[in-house]
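Below you'll find the structure, written out as structure tokens, and then a few comments.
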Amino acid sequence: MDGKKTEQAAALSARAFTIPGTESRLMYSRTGKREYQIFVSKPSEDPPPAGYPVIYLLDANSVFGTMAEAIRVQSRRPEKTGVIPAVIVGIGYQTEAPFSPARHCDFTLPLPDSELPSRPGGTPWPEQGGAEDFLTFIEEEVKPEIERDYQIDTSRQTIFGHSLGGLFVLQVLFTKPDAFQTYIAGSPSIHWNKRFIHKESRQFGDRVSREKLNVNVMLAAGELEKSHKSRINDHAKELSEQLSSLAGYGVRTQFHEFEGEGHISVLPVLISRALRFALHPAGPNL
């Protein structure tokens with residue numbers, strides 16, 4: 486085969502790979518004035534009468550593919566894996582990088598500069614404090630569009646976030662617990678706004694003692710994160726123990742520490758466990 490034919494053959498064989506059942510679209514937030522890349526994974530199976538459960542996934546540029554493939558494989562045999570088919574809605578950014586600096590704004594509440602943890606290298610952090618706008622975008626723009634285009638069971642909605650995304654998940658749990666039924670916070674950056682989390686978790690406890698909820702909460706971290714000065718594991722475990730005391734009021738909680746995993750390497754095993762937690766055929770696997 487001559488050189489020209491070899492190049493043509495290579496061009497024909499080297500095609501972009503797309504995960505089956507997935508698509509992406511752009512959405513512009515009216516409140517946050519920011520454009521987002523929205524990734525969606527839809528099951529090949531027909532929806533059940535109530536519609537598909539749905540997982541809203543933060544930092545989708547980094548983990549959407551991992552979750553989409555995990556559920557595509559595991560949901561084929563729910564009786565064996567404990568994972569039923571579900572729609573995944575990944576909220577990401579217009580970037581090829583796994584993480585966008587815009588997440589710092591979207592996942593955090595306003596915080597005085599004096600309370601921010603120091604950044605390695607001493608450089609300033611990106612813009613902070615847009616979490617309320619971001620939640621409004623999810624609730625008033627993303628969810629209605631997804632529910633228009635897919636058959637969704639609105640009684641089985643999960644939100645999944647890691648690191649600062651995990652902090653955002655907890656902020657939503659404590660301030661608007663009826664937005665989702667299942668909350669998954671991996672390696673949550675509680676240290677970022679510890680004062681707020683402690684205050685809101687106490688108020689949350691007072692609220693559920695008067696007004697019974699029906700929520701499921703999973704907190705998790707990698708074993709190797711124990712050595713981090715931010716005490717991610719300790720904070721997450723302490724919070725899980727506090728929330729576990731509310732089991733009689735409809736707050737069901739799990740904590741997992743994954744052996745041998747660090748802050749980033751924990752993501753694949755966390756995703757696999759989260760799917761079993763959120764998508765068990767009989768309901769959240771507690």
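Residue 771, in the numbering used here, is where the sequence shown stops; the numbers in between run on with no holes.
Just so you know, even glycine gets a beta-carbon here, dropped at the ideal spot from N, CA and C.
Here DSSP, grouped into helix, strand and coil, assigns Asn699 to coil. One Cα belongs to Gly690, the other to Leu731, and the distance between them is close to 7 angstroms. The C-beta distance from Trp610 to Leu649 rounds to 11 angstroms, too long to fall under 8 angstroms, and the pair is not in contact.
The shortest C-alpha to C-alpha distance from Leu698 to any of Lys661, Tyr541 and Val539 is the one to Lys661. Arg695 is not a Cβ neighbour of Val568, given a cutoff of 8 angstroms.
A residue is called buried when at least 16 other Cβ atoms come within 10 angstroms of its Cβ; Ser509 does not meet this threshold and is exposed. For Tyr734 against Val693, the beta-carbon gap comes to about 4 angstroms, under 8 angstroms, which counts as contact. Annotated three-state conformation of Phe584 is coil, per DSSP. Distance from the CA atom of His713 to the CA atom of Gln579, rounded to whole angstroms, is 31 angstroms.
CA-to-CA, the gap between His683 and Ala664 works out to about 20 angstroms.
Residue pairing by DSSP places His647 opposite Gly671 in a beta bridge. Across the set Lys565, Leu542, Ile644 and Tyr521, the C-alpha of Ile644 shows the shortest separation from the C-alpha of Val700. Between the alpha carbons of Ser603 and Ala535 lies a distance of about 47 angstroms. The alpha-carbon separation between Ile756 and Ser725 amounts to approximately 18 angstroms. Sequence-distant Cβ neighbours of Gln636 in its own chain, meaning closer than 8 angstroms and more than five residues away, are Pro532, Gly536 and Tyr537.
Following the DSSP letters along the chain, one finds His720 inside the alpha helix (DSSP H) bounded by residues Ile717 to Ser729.
Looking at the DSSP output, Met512 bridges to Tyr521. In terms of Cβ geometry, Ile523 and Ile576 form a close pair [threshold 8 angstroms].
By the neighbour-count definition (other C-beta atoms within 10 Å, threshold 16), Pro583 is an exposed residue. Assigned with DSSP and collapsed to three states, Gln559 falls in helix. In the DSSP assignment, Arg761 falls within the alpha helix (DSSP H) that extends over Val751 to Ala763. Distance from the Cα of Pro570 is smallest, within the candidate group Phe743, Glu710, Arg641 and Arg500, for Arg641.
When DSSP states are grouped into helix, strand and coil, Asp544 belongs to the coil group.
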